[in-house]
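Count the sequence shown with full-length UniProt numbering and you get residues 1 to 795, in order.
Okay, structure first, notes after.
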Amino acid sequence: MNDASAPYVGQWRLWTQISVRGPGFPASGVLRLAPEGLAAAAGGFGTGELSGPRWDEFEKRFGDAALSVSGVLQEIAGLPLFQTAVAWQNRTVLKSGIGPFLRWTPEGGKRPSMARQREELVAHYWQRFCVKNDTIGFFGPVGWGEWDRSIRGVQVEPGTGLIARSGVYFASWAVDALARSVSEDPAVREWLAPHRMPFVRTDGAEVSLPGLPPVRVGPVEQEVLGLCDGTRTAHAIQRELGDDVDVRGVLETLVRRRYIVWRLDVPADTYPERRLAGLLAQIGDPVVRERALAKLAVLERGRDRVRDAAGDPEALVAAMETLEGEFTELTQVAAQRQKGGGNAPCRALIYSDSTRAARVRVGTELLDALGPLDLLLSGGAWLTAGLARRVMARARQVYAEETRNLGDTPLDLATFWFACIPMLHSGVVADAEDLKREFAKCWEDILRLTPGERHVRLTRADIAGRVREAFGEPADEGWATARYACPDVLVVADDAEAVNRGEFELALGELHLAINTLGASLFVNQHPDRDELIGLTDLDHPGPRLMPLQPKEHRARLSARTRYSLVRDQDYCVALADSSADPHRPRTIPSADVVVRDDDGRLVAVLPDGNVFDLVNIFSQGLTMLVLDMFRIVPEDVDHFPRVTIDRMMVARETWRFDPSTMDFADEKNEAKRFVRAGRWREAQDLPRYVFVVSPTEPRPFYVDFHSPVYVNIFAKAVRRLQRDDPGGRLTISEMQPTPEQTWLTDDKGDRYTSELRFVAVDDAPVQAAGPPAPLAKQLPRPVPAGVDGLVPAT
Numbered sequence: 001m002n003d004a005s006a007p008y009v010g011q012w013r014l015w016t017q018i019s020v021r022g023p024g025f026p027a028s029g030v031l032r033l034a035p036e037g038l039a040a041a042a043g044g045f046g047t048g049e050l051s052g053p054r055w056d057e058f059e060k061r062f063g064d065a066a067l068s069v070s071g072v073l074q075e076i077a078g079l080p081l082f083q084t085a086v087a088w089q090n091r092t093v094l095k096s097g098i099g100p101f102l103r104w105t106p107e108g109g110k111r112p113s114m115a116r117q118r119e120e121l122v123a124h125y126w127q128r129f130c131v132k133n134d135t136i137g138f139f140g141p142v143g144w145g146e147w148d149r150s151i152r153g154v155q156v157e158p159g160t161g162l163i164a165r166s167g168v169y170f171a172s173w174a175v176d177a178l179a180r181s182v183s184e185d186p187a188v189r190e191w192l193a194p195h196r197m198p199f200v201r202t203d204g205a206e207v208s209l210p211g212l213p214p215v216r217v218g219p220v221e222q223e224v225l226g227l228c229d230g231t232r233t234a235h236a237i238q239r240e241l242g243d244d245v246d247v248r249g250v251l252e253t254l255v256r257r258r259y260i261v262w263r264l265d266v267p268a269d270t271y272p273e274r275r276l277a278g279l280l281a282q283i284g285d286p287v288v289r290e291r292a293l294a295k296l297a298v299l300e301r302g303r304d305r306v307r308d309a310a311g312d313p314e315a316l317v318a319a320m321e322t323l324e325g326e327f328t329e330l331t332q333v334a335a336q337r338q339k340g341g342g343n344a345p346c347r348a349l350i351y352s353d354s355t356r357a358a359r360v361r362v363g364t365e366l367l368d369a370l371g372p373l374d375l376l377l378s379g380g381a382w383l384t385a386g387l388a389r390r391v392m393a394r395a396r397q398v399y400a401e402e403t404r405n406l407g408d409t410p411l412d413l414a415t416f417w418f419a420c421i422p423m424l425h426s427g428v429v430a431d432a433e434d435l436k437r438e439f440a441k442c443w444e445d446i447l448r449l450t451p452g453e454r455h456v457r458l459t460r461a462d463i464a465g466r467v468r469e470a471f472g473e474p475a476d477e478g479w480a481t482a483r484y485a486c487p488d489v490l491v492v493a494d495d496a497e498a499v500n501r502g503e504f505e506l507a508l509g510e511l512h513l514a515i516n517t518l519g520a521s522l523f524v525n526q527h528p529d530r531d532e533l534i535g536l537t538d539l540d541h542p543g544p545r546l547m548p549l550q551p552k553e554h555r556a557r558l559s560a561r562t563r564y565s566l567v568r569d570q571d572y573c574v575a576l577a578d579s580s581a582d583p584h585r586p587r588t589i590p591s592a593d594v595v596v597r598d599d600d601g602r603l604v605a606v607l608p609d610g611n612v613f614d615l616v617n618i619f620s621q622g623l624t625m626l627v628l629d630m631f632r633i634v635p636e637d638v639d640h641f642p643r644v645t646i647d648r649m650m651v652a653r654e655t656w657r658f659d660p661s662t663m664d665f666a667d668e669k670n671e672a673k674r675f676v677r678a679g680r681w682r683e684a685q686d687l688p689r690y691v692f693v694v695s696p697t698e699p700r701p702f703y704v705d706f707h708s709p710v711y712v713n714i715f716a717k718a719v720r721r722l723q724r725d726d727p728g729g730r731l732t733i734s735e736m737q738p739t740p741e742q743t744w745l746t747d748d749k750g751d752r753y754t755s756e757l758r759f760v761a762v763d764d765a766p767v768q769a770a771g772p773p774a775p776l777a778k779q780l781p782r783p784v785p786a787g788v789d790g791l792v793p794a795t
């Protein structure tokens, strides 16, 4: 149950595999957009009038600098890799914005409004590609690292080039659309395997749906329904029952009653087209089979053309457009799908993921600096345990109501689940908001900040007692994935050599709770050895898990890229309402076949084979989505929050919130005066040069360099948009730590990239309690006192 090579932070064991997240373009790219000396010259005006000969001289200098930046942006816009990155994001921008910008030639040093807008467009994409640690395609490749007790800091093995390997994948919704199109062929249907809906319960001649009284069915319907297991085709069922039974007619009746699904349902997979091909290969009629496979082949050839066009933006765009046209012609479905509400981007038919060539080894001194995570994760465990307690208290009320009139009849999970849905969409959401407020109050009491402080330094010894008082001892009350937390940690240092000399601090980025994000398909599929990740999962969960079957996609958060992919054959997957379970997968169970029972005051799920699991695991997906991003030390309503550092870890960046109406520089029409006034405003607020900005009217956070005219323009435009579209909204500004100059991740050319390390932390206490103490547990008792965190020595 222990891994002798694993590092520990308190009772939290860290996975030996670490994801290295970073963009695909060097950080120095954004610095090219800040003309040297321009900000200093602007600052020379102080609070004086922006007029007179000296101002005229500056205005000319500003115009020359802005024109120079425009030339740099044209150079960037012409890069094939930049255009390829934009094509994967939104290829229409290449025609509507990038192309015209490249064709534009300044006349008389003038930059008309449309040219400035296109400058801002390029700069906006560029900041994402250079300083945002996204994990997407070749411009945000998945990197990997591991712990190495033989080194102190970090060691980068750059590999060859930026990318080790890359792939193009189908979105599952696109393959599902093709499957529906193929299913419309009447000749195909008899070769499809119908399957019972997971919430349909059968008991002899009685069939029940949740919330409805049982219905008696005839012997033929009963027999056909019993054969609808998802593995027998309608043709096979007909052959088994003989020509005297109208199997097609019975199946149609069962479909109308919502007892079964009779269509091509492609199980979730990183390669859904392969699963569809496997289903189509089972069609017994060769003519029908080849006709169906030919449709799939059209899309596969289109995907291959997209893959082969890598690095050639014109060929890439042409291949994408051809594929989308073929898709729409085959399926009569639009080739893009809205991802979420509002301004959320669309999901395309295909996506690309890549593996970074560079690998990283992380040493003992960085592990020591991670010590404050133990205190932070105690708070995370308090959140998950509290949410589990509240949801199970509500679930017990539902259980009491549902069993009141059942007598000796057992309560099936399907009925219970449907009865719980209202509370999951109302009461539990309110519970989560209450916990969020309590959590913020706990941290206020723990930190005890003095108003007006800018940079606060604490030690673990300073606050360890307060953390225990606020959050208590960790409680094993959560669902299985609640034992996980995934912190993103950035190293603040001038370069790798500085890290190795010990001249660094850490900065906490996001801390995701109740989820192992490295189990997502996008990470698993880009790891060189999936079995290694499965082995780490075995350490976390020595026995089988009970997992609700995930839907294949969700418009807001779930896609083929983000689906959890470290499911083992020994794990049980319960299909609650989704009909896309793989009927051939072992231990996939319909919810109607699971019994909910009170086991000495504990609600449990009893599986058909007699295995028993805590019922809270059935709610795991919904609870994780509620608590996933709940860890926030910076309150949502304060005007200013200081930088907070515990030992060597910055756990909160300095943060400001502003009413856009107080930022009158944004309305300045003269570009040079806007730049100077923005600098004055920054000086008055004592903001750093580099910041990230979050606005209610912007789709995602964006980078601002107050020394860059184009990024000041982007910032001012965001202020104006917020004031226009959401007058009551506020801008949140946080310091950028580390800055673009503080980069240690390099490639084989020596180019340096921003980066963060994503760790998987696992609460080992429940596993330790499941068996006799291991020698390592005796060597490193928990909780670990401050200062003794470190790599667990091998035995």
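Even glycine gets a Cβ: it sits at the ideal position worked out from N, Cα and C.
No experiment lies behind these values; they were computed from the predicted model shown.
| Asked | Found |
| --- | --- |
| In whole angstroms, what separates the C-alpha of residue 800 from that of residue 749? | Nothing about residue 800 can be reported from this structure: the residues present for the chain run from 1 to 795 only. |
| With a threshold of 16 other CB atoms inside 10 Å of the CB of residue 112, please say whether the residue is buried or exposed. | exposed |
| Is the shortest distance between the beta-carbon of residue 131 and the beta-carbons of chain D less than 8 Å? | Here there is only one protein chain, and chain D is not present. |
| Under 8 Å, do residue 629 and residue 612 count as touching if we go by C-beta distance? | no |
| Short of 7 Å in beta carbon distance, which residues of its chain neighbour residue 387, apart from the five on each side in sequence? Order them along the chain. | 431, 432, 435, 623, 626, 627 |
| Are the Cβ atoms of residue 667 and residue 720 separated by less than 8 Å? | yes |
| The beta strand (DSSP E) that contains residue 147, what's its start and end? | 142-147 |
| Quick one: residues in its chain with C-beta nearer than 7 Å to the C-beta of residue 499, no 5 flanking neighbours on either side, listed in chain order? | 153, 154, 491, 493, 744 |
| In its own chain, which residues sit with a C-beta less than 8 Å from the C-beta of residue 124, not counting the 5 before and 5 after it? | 702, 714 |
| With a CB to CB cut of under 8 Å and the five nearest residues on each side skipped, what residues in its chain are close to residue 173? | 337, 347, 552, 553 |
| If you count every other CB in all the chains shown that lies within 10 Å of the CB of residue 650, and 16 or more means buried, which is it? | buried |
| Which residue or residues does DSSP assign as beta-bridge partners of residue 19? | 144, 758 |
| Leaving out five residues on either side along the sequence, give the residues of the same chain with a beta carbon under 7 Å from the beta carbon of residue 742. | 492, 493, 494 |
| Using three-state DSSP, classify residue 583 as helix, strand or coil. | coil |
| Once the 5 residues before and after residue 390 are set aside, which same chain residues still bring their CB inside 6 Å of it? | 431 |
| Any idea what DSSP makes of residue 281, helix, strand or coil? | coil |
| Taking a contact to mean a Cβ-Cβ separation below 8 Å, would you say residue 334 touches residue 160 in this structure? | no |
| So residue 157 is in the beta strand (DSSP E); what residue range does that whole segment cover? | 154-157 |
| Leaving out the 5 sequence neighbours to the left and right, which residues in its chain are closer than 6 Å to residue 378 when beta-carbon positions are compared? | 467, 471 |
| Quick one: using the 10 Å Cβ neighbour count with 16 as the cut-off for buried, is residue 261 buried or exposed? | buried |
| Under 8 Å between the Cβ atoms of residue 235 and residue 278? | no |
| What three-state label does DSSP hand residue 717 in the structure shown? | helix |
| What did DSSP end up calling residue 191 once you bin it into helix, strand or coil? | coil |
| Between the segment 720-738 and the segment 691-705, do three or more beta carbon pairs fall short of 8 Å? | yes |
| Please tell me whether residue 367 and residue 738 are closer than 8 Å, where the distance is taken between their beta carbons. | no |
| Put residue 200 into one of helix, strand or coil per three-state DSSP. | coil |
| Could you spell out where the alpha helix (DSSP H) holding residue 399 opens and where it closes? | 373-403 |
| Straight-line CA distance for residue 796 to residue 317? | No information on residue 796 is available, as it lies outside the stretch 1 to 795 that the chain covers here. |
| Who are residue 206's beta bridge partners in DSSP? | 203, 216 |
| Note down the Cα distance separating residue 639 from residue 255, rounded to an integer number of angstroms. | 58 Å |
| Mind checking who residue 355 pairs with in its DSSP beta bridge? | 142, 165 |
| What residue range does the alpha helix (DSSP H) around residue 314 cover? | 313-331 |
| Once the 5 residues before and after residue 584 are set aside, which same chain residues still bring their CB inside 7 Å of it? | 231 |
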